[in-house]
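Data first, discussion second: the structure below is written as structure tokens.
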Amino acid sequence: MSADSGHSFGSSHVPVTAARGWRRFLAFSGPAYLVSVGYMDPGNWATDIEGGARFGYKLLWVLVLSNIMAILLQSLSAKLGIATGRDLAQSCRDRYPLPVNYALWFLCEIAIAACDLAEVLGAAIALNLLFGLPLIAGVLIAALDTLLVLSLSRYGIKVLERVILAMVLVIGVCFAIQIFMVKPDMVEVAKGLVPSSLGDGALYIAIGMLGATVMPHNLYLHSSLVQTRSIGKSMASRKEANWYNFLDSAIALNAALLVNGGLLILSAAVFYKHGVVVTEIQQAHEMLTPLVGTTLASMLFAIALLASGQSSTITGTMAGQIVMEGFLNLRMRPWLRRLITRLIAIIPAIATIHYMGEAATMQLLILSQVILSIQLPFAIIPLIQFTSDGKSMGALSNSRWMNVFSWLTAGLIVALNLWLAFQTLTGWIAIAISLPLGVLLVYITIEPWIRRHQLRDGISVLPPAPVPATESALEYHSILVPLDHSSLDGVALTHARAFAKQHGATILLLHVEEGVASQVHGAMAETAEEKEGEQYLRQIRETLAAEGIDVESHVEFASSPRQAIVRFARQRRPDLIIMGAHGHTGLKDLVFGSTINSVRHQLDIPVLVVRQKN
Numbered sequence: 002m003s004a005d006s007g008h009s010f011g012s013s014h015v016p017v018t019a020a021r022g023w024r025r026f027l028a029f030s031g032p033a034y035l036v037s038v039g040y041m042d043p044g045n046w047a048t049d050i051e052g053g054a055r056f057g058y059k060l061l062w063v064l065v066l067s068n069i070m071a072i073l074l075q076s077l078s079a080k081l082g083i084a085t086g087r088d089l090a091q092s093c094r095d096r097y098p099l100p101v102n103y104a105l106w107f108l109c110e111i112a113i114a115a116c117d118l119a120e121v122l123g124a125a126i127a128l129n130l131l132f133g134l135p136l137i138a139g140v141l142i143a144a145l146d147t148l149l150v151l152s153l154s155r156y157g158i159k160v161l162e163r164v165i166l167a168m169v170l171v172i173g174v175c176f177a178i179q180i181f182m183v184k185p186d187m188v189e190v191a192k193g194l195v196p197s198s199l200g201d202g203a204l205y206i207a208i209g210m211l212g213a214t215v216m217p218h219n220l221y222l223h224s225s226l227v228q229t230r231s232i233g234k235s236m237a238s239r240k241e242a243n244w245y246n247f248l249d250s251a252i253a254l255n256a257a258l259l260v261n262g263g264l265l266i267l268s269a270a271v272f273y274k275h276g277v278v279v280t281e282i283q284q285a286h287e288m289l290t291p292l293v294g295t296t297l298a299s300m301l302f303a304i305a306l307l308a309s310g311q312s313s314t315i316t317g318t319m320a321g322q323i324v325m326e327g328f329l330n331l332r333m334r335p336w337l338r339r340l341i342t343r344l345i346a347i348i349p350a351i352a353t354i355h356y357m358g359e360a361a362t363m364q365l366l367i368l369s370q371v372i373l374s375i376q377l378p379f380a381i382i383p384l385i386q387f388t389s390d391g392k393s394m395g396a397l398s399n400s401r402w403m404n405v406f407s408w409l410t411a412g413l414i415v416a417l418n419l420w421l422a423f424q425t426l427t428g429w430i431a432i433a434i435s436l437p438l439g440v441l442l443v444y445i446t447i448e449p450w451i452r453r454h455q456l457r458d459g460i461s462v463l464p465p466a467p468v469p470a471t472e473s474a475l476e477y478h479s480i481l482v483p484l485d486h487s488s489l490d491g492v493a494l495t496h497a498r499a500f501a502k503q504h505g506a507t508i509l510l511l512h513v514e515e516g517v518a519s520q521v522h523g524a525m526a527e528t529a530e531e532k533e534g535e536q537y538l539r540q541i542r543e544t545l546a547a548e549g550i551d552v553e554s555h556v557e558f559a560s561s562p563r564q565a566i567v568r569f570a571r572q573r574r575p576d577l578i579i580m581g582a583h584g585h586t587g588l589k590d591l592v593f594g595s596t597i598n599s600v601r602h603q604l605d606i607p608v609l610v611v612r613q614k615n
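Residue numbers for the sequence shown, in the working numbering: 2 to 615.
Structure (structure tokens):
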């Protein structure tokens, strides 16, 4: 009996257990940089531009405070994934009853849609500035970046990372040149780092900055991406991984702070200084040339805006997959998941532009960031509670001082949101929105004291390994059995065992890991689900080997199971493929994919399709 592993698609880092010195640190780095891309999206542009234009440098301290909160919370998110092998969405599914779980999922989807709305508007505005396209046309063209992301992902994570980092570099260089041109007053910049009052409309902008900086779906994303490193099973190795990921978060998010701070400083130095009230990003672009004295400033502004929208698109795409998989244990085809999210964002964008005019896009961008901020407590409070749980976190559970700072952060965010709601919502609208959200927030806050239980140990997302039970007499010598960790595996293995025992055939077990973490770093990923998958395959191998059957197991890492199955079958050329059919038809085939039909049409190898009896 032999056990072979499949190819590692998209892997771009050496295993951290084999690295030393700087190579060891660099092996851990990466997840926080992908997360930080979402901290420079067009939503940040809207809040930073308006904040700088209306209040000068006075809100710089809000950006710094928001960044400190972001580093703290992203570090907790990374620690959760390292210690438990579960991301934040999976942990919520393990912990909360279904109604609460669905409510949290729904709120997170709203936050992702709000973030995507900012990306759509940002890209449309950038296309308008660079090429003169109407905003509605730009919004429709922005929908096509779904195809761009999916096409780049085909070349592996290394290519995608390089493209994203190149865009981030473009943003940084553009701002550096523009700040050099405007030469801000550094004394006033320093004064802006001192906390000041949030009166005269500053509160709304400050909360928008907070929502744009500490993005709730990034907490779900980070807790999953850190599991793409093989860090070892010992507590010492996990502590080391946690420390390196903290450094990774601090460096990446401080780089994002420089970009956001640079945008606010640019706005303050140009617009606030000249008494210009900026009500839309297009206006900021148009005013740069006469105020700075060169068209280069305006061109760099538009290029950086386009790069920010495109680079942050990947954050929402990956976070959306992780949230849906984690909360609902549901995997949708990536292109369809991306298309649905983008359509949700396009509808309010087109409606706003059509009915309220292009000037309303700035306020819509800021509103999208306020929505992100309102959703924050529903991600932060579970995160703090989970990372404070000594039973599941072990030695990595939060220290007392960490808990104090974490709860102070959560309390400040909740207080600011309540203040904003009190100022902006009135009548039945306030009750309709605040009451259900308030009940949900109270529940997840006091849940540990209500039920007095901890995260369940050893929660498995997979059923027990199936054992074949019947025999049949067919003549095949090499049999491929793709497994999907469902009850259909037992049916397929029943037939495969019969063929193998009668004719001495070798059974080739194939499992395709299609989770986001597995796609990013392939065989070096170390999620709880992958560990359970390894145990699942091992149990099947041992059961079949005990009966004298030759068996090999293979694991492929890909976003498309059908493509991985076809690729593997062409390499090994089995005599027969046995696949279990779920019975999906019509809409379900569109959402979940039609794997069997794709395999049958692309291969000249017989495919035996089996189903369970009703």
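The beta carbon of each residue, even a glycine, is placed where N, CA and C say it ideally should be. Quick caveat, the model's predicted, so the values are computed rather than measured.
query, result
"Does the contact criterion of 3 or more C-beta pairs under 8 Å hold for the segment 167-184 versus the segment 251-266?", "yes"
"Count the C-beta pairs between the segment 308-326 and the segment 70-85 that are closer than 8 Å, then say yes if the count reaches three, no if not.", "no"
"State the DSSP-derived secondary structure class of SER487, mapped to helix, strand or coil.", "coil"
"From ARG87 to ILE113, what does the alpha carbon distance come to, in whole angstroms?", "20 Å"
"May I ask which residues mark the beginning and end of the beta strand (DSSP E) holding SER554?", "552-558"
"Label ARG612 either buried or exposed according to how many other C-beta atoms from any shown protein chain fall within 10 Å of its C-beta, with 16 as the threshold for buried.", "exposed"
"Who are the Cβ neighbours of ILE382 in its own chain at under 7 Å, not counting the five residues just before and after it?", "ALA411, ILE445 and THR446"
"What residue range does the alpha helix (DSSP H) around LEU74 cover?", "61-85"
"Are the beta-carbon atoms of ARG573 and LEU510 separated by less than 8 Å?", "no"
"List the whole-angstrom C-beta distance separating ASP49 from LEU265, where the pair is believed to meet the contact cut-off of C-beta under 8 Å.", "4 Å"
"Once the 5 residues before and after THR316 are set aside, which same chain residues still bring their CB inside 6 Å of it?", "VAL38 and GLY39"
"Give me the DSSP bridge partner(s) of VAL278.", "None; VAL278 has no bridge partner."
"In this structure, does DSSP put MET41 in helix, strand or coil?", "helix"
"To the nearest angstrom, how far is it from the Cα of PRO32 to the Cα of ALA84?", "16 Å"
"Please report the residue range of the beta strand (DSSP E) in which MET216 lies.", "That residue, MET216, is in no beta strand (DSSP E); it is neither H nor E in DSSP."
"Between ALA474 and the rest of its own chain, which residues show a CB-CB distance below 6 Å, the 5 nearest in sequence each way excluded?", "In this prediction, ALA474 scores a pLDDT of 47, lower than 50, which makes its location untrustworthy; the coordinate-derived value is nonetheless stated afterwards. Closer than 6 Å at the Cβ level, and outside the excluded window around ALA474, lie GLN503."
"How is ILE606 classed by DSSP in three states: helix, strand or coil?", "coil"
"Please classify ASP42 as buried or exposed, where buried requires at least 16 neighbouring CB atoms within 10 angstroms.", "buried"
"When we look at the beta-carbon of SER1 and count the other beta-carbons within 10 Å, is it buried (16 or more) or exposed?", "With the chain covering only 2 through 615, there is no way to say anything about residue 1."
"In the DSSP assignment, find the unbroken alpha helix (DSSP H) run with LEU248 in it and report its ends.", "236-268"
"Return helix, strand or coil for VAL611, following the three-state DSSP convention.", "strand"
"For MET210, which three-state DSSP category applies?", "helix"
"Pair every Cβ in the segment 338-353 with every Cβ in the segment 242-257, then say whether three or more of these pairs are closer than 8 Å.", "no"
"Ignore the nearest five residues each way along the sequence and tell me which others in ALA115's own chain have a CB closer than 6 Å to its CB.", "SER369, ILE372 and LEU373"
"Whole-angstrom Cβ separation of LEU194 and SER78, contact assumed at under 8 Å?", "That belief does not hold up - the Cβ atoms of LEU194 and SER78 are roughly 27 Å apart, past 8 Å."
"Work out the CA separation of ALA493 and LEU413 for me, nearest whole Å.", "55 Å"
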